[in-house]
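Notes to accompany the following structure.
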Amino acid sequence: MMGKKHKKRQNAVLISLIVLFVPINIIYPSLHEGVLTFWSKLFAASFLPWIYMFLIGVLFQKNFVRIYQVLRAKAIPVLIGYSILAYLEKSYLGWFSGNIINHIMYIPLTLLIFACAYSFPNLSTSLLRKNDISYGIYIYHVPNN
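Residue numbers for the sequence shown follow the working numbering, beginning at 252 and rising by one.
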């Protein structure tokens, strides 16, 4: 079992890395303006613009029990909170929305997905009868891009 001090240190390192890599994601779209160079294409194909998302997932995994205790069976309040945040960020801050991943709204979206997954744990079983369609959806979306 990991000590509290060690867990706090791990969380601090993960949060620091997330804060370090989010600005890289912010500058990522500016690389697509004008002429694309070999280096900008290479950067876009690398993990650097997206590593913060992976690190948020690691942070959730490392703190699963605590996050689970807070978010389970709370999908509706979290959805309402997320909707209010999305409305405010779009209406008053004018931030982009749509199919572009907003680096600020990514964490609330992650919380919403987590809350939905653990608020309705048997929903996918009853709807899909234990069939996993995630890979099929992934394959289907590729030709549409």
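In this text, a Cβ means the ideal position worked out from N, Cα and C, and glycines have one as well.
This one's a predicted model, so the numbers in the text were calculated from it and none came from an experiment.
Range covered by the alpha helix (DSSP H) that runs through residue i
i: N373; result: Element bounds for N373: n/a, residue is neither H nor E.
i: M304; result: I302 to K313
i: W346; result: That residue, W346, is in no alpha helix (DSSP H); it is neither H nor E in DSSP.
i: S297; result: Neither: S297 is in no alpha helix (DSSP H) and is coded neither H nor E.
i: I355; result: I355 -> no alpha helix (DSSP H), and no H or E assigned at all.
i: R260; result: K255 to I278
Under 8 Å between C-beta atoms of residue i and residue j
i: I269; j: I307; result: yes
i: V329; j: L363; result: yes
i: L336; j: P359; result: yes
i: I277; j: H354; result: yes
i: I318; j: F365; result: yes
Residues of its chain near residue i, where Cβ-Cβ distance is below 8 Å and the 5 sequence neighbours each way are ignored
i: G254; result: none
i: K313; result: K258, Q261, N262 and L265
Spatial distance of residue i from residue j (CA atoms)
i: S377; j: P300; result: 37 Å
i: Y343; j: Y333; result: 15 Å
i: I327; j: S267; result: 31 Å
i: N382; j: S375; result: 9 Å
i: L310; j: Y357; result: 14 Å
i: V273; j: K256; result: 26 Å
i: G345; j: I352; result: 15 Å
i: Y279; j: E340; result: 20 Å
i: L271; j: F315; result: 23 Å
i: S385; j: A368; result: 14 Å
Close Cβ partners of residue i (< 6 Å) along its chain, the five nearest in sequence each way excluded
i: N396; result: Bear in mind that the predicted position of N396 carries a pLDDT of just 44, short of 50, making it unreliable; the figure below should be weighed with that in mind. Answer for N396: no residue qualifies.
Contact set for residue i: own chain, Cβ-Cβ below 7 Å, skip 5 residues either direction
i: S370; result: R323, A324, K325 and A326
i: I275; result: L299 and P300
i: G387; result: none
C-beta neighbour in chain B for residue i, strict 8 Å
i: G254; result: Annotation note: the requested chain B is absent from the structure, which comprises a single protein chain.
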